[in-house]
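Heads up, the thing below is written out as structure tokens.
In my numbering, the protein residues as written are 4 to 236.
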């Protein structure tokens, strides 16, 4: 029987799957045939989460969350179901599993294939994104999928990435914000308020970021509600 191990980096992502409070870095069993690990952002955290899920008996792994666009055609709310993952090497996705998930989804969701790349840092400028796209050939970027895909490949088990686009290529989280977010994606409100008062970040930027993340989360919630069986839920 397939036991699905789901890795999410941020609480805003994990809440699309479960309303339970997830302790950071712990494997939590969900109903039926799945477990989830909220790992925090970054490759190392994701690799640790994948290792823990494998130790708990996961026979397949999912990278679940949001991603940034590297192509101007991708917009917030688009669903990235990549056919390959670019990290230090090109890593496979289970195309059969990907196809089954896509078949479950409603027609109004815009589903994108292609390559998803993993970066070792948040890309905060259009120039950075374009250069990364040229280097990798990817259409979207995240921080975690490469490590999870690598763990799946090393264990010879299926891997799937489910990533909703949050920020388009021309708009990214400002670099000034990066130290104002906890590892699980939650905001350090005092530091954000200070940035607003210093005019290092504008309110309109924060509102746009929040709106686009909500759009991405809506897409992720639709995926969960329609493809629950494929995710072991």
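The C-beta atom is built at its ideal place from N, Cα and C for all residues, glycine as well.
Take the Cβ of residue 43 as the centre, count every other Cβ of all protein chains shown within 10 Å, and call the residue buried at 16 or more, exposed below. Your numbering for residue 43 matches position 40 in the chain shown. The residue in question, residue 43, is buried, as its Cβ has 16 or more Cβ neighbours within 10 Å.
First and last residue of the uninterrupted alpha helix (DSSP H) at residue 49: The count along the chain shown starts at 1 and reaches residue 49 at position 46. Counting along the chain, the alpha helix (DSSP H) containing residue 49 begins and ends at 46-58.
Roughly how many angstroms separate the alpha carbons of residue 205 and residue 128, rounded to a whole number? Here residue 205 refers to the residue found at position 202 when the chain shown is read from its first residue. Here residue 128 refers to the residue found at position 125 when the chain shown is read from its first residue. Their backbone Cα atoms lie some 16 angstroms apart in a straight line.
Spatial distance of residue 173 from residue 50 (CA atoms): Against the chain shown, residue 173 aligns to sequence position 170. Against the chain shown, residue 50 aligns to sequence position 47. The alpha-carbon atoms of residue 173 and residue 50 are separated by roughly 29 angstroms.
So who's on the other strand from residue 40, going by DSSP bridges? Against the chain shown, residue 40 aligns to sequence position 37. 10, 30, per the DSSP bridge assignment.
Start-to-end residues for the beta strand (DSSP E) that takes in residue 175: Along the chain shown, read from residue 1 onward, the residue named residue 175 stands at position 172. From DSSP, residue 175 is part of no beta strand (DSSP E); its letter is neither H nor E.
Specify the secondary structure class of residue 66 as computed by DSSP and reduced to three states. Counting from one through the chain shown, the residue named residue 66 turns up at place 63. Looking at residue 66 - three-state DSSP - the assignment turns out to be strand.
Please say whether residue 152 and residue 120 have beta carbons closer to each other than 8 angstroms? Taking the chain shown and counting its residues from 1, the one referred to as residue 120 is at position 117. Taking the chain shown and counting its residues from 1, the one referred to as residue 152 is at position 149. For residue 120 and residue 152, no; Cβs fall outside 8 angstroms.
Judging by CA-CA distance, which residue of 108, 93, 30 is the nearest neighbour of residue 232? Start at 1 with the first residue of the chain shown, and residue 232 comes out as number 229. Ranking 108, 93, 30 by Cα distance to residue 232 puts 108 first.
Assign residue 138 to buried or exposed, taking buried as 16 or more other Cβ atoms, counted over all protein chains shown, within 10 Å of its Cβ. By 1-based counting over the chain shown, the position of residue 138 is 135. Exposed, since its Cβ has fewer than 16 Cβ neighbours within 10 Å.
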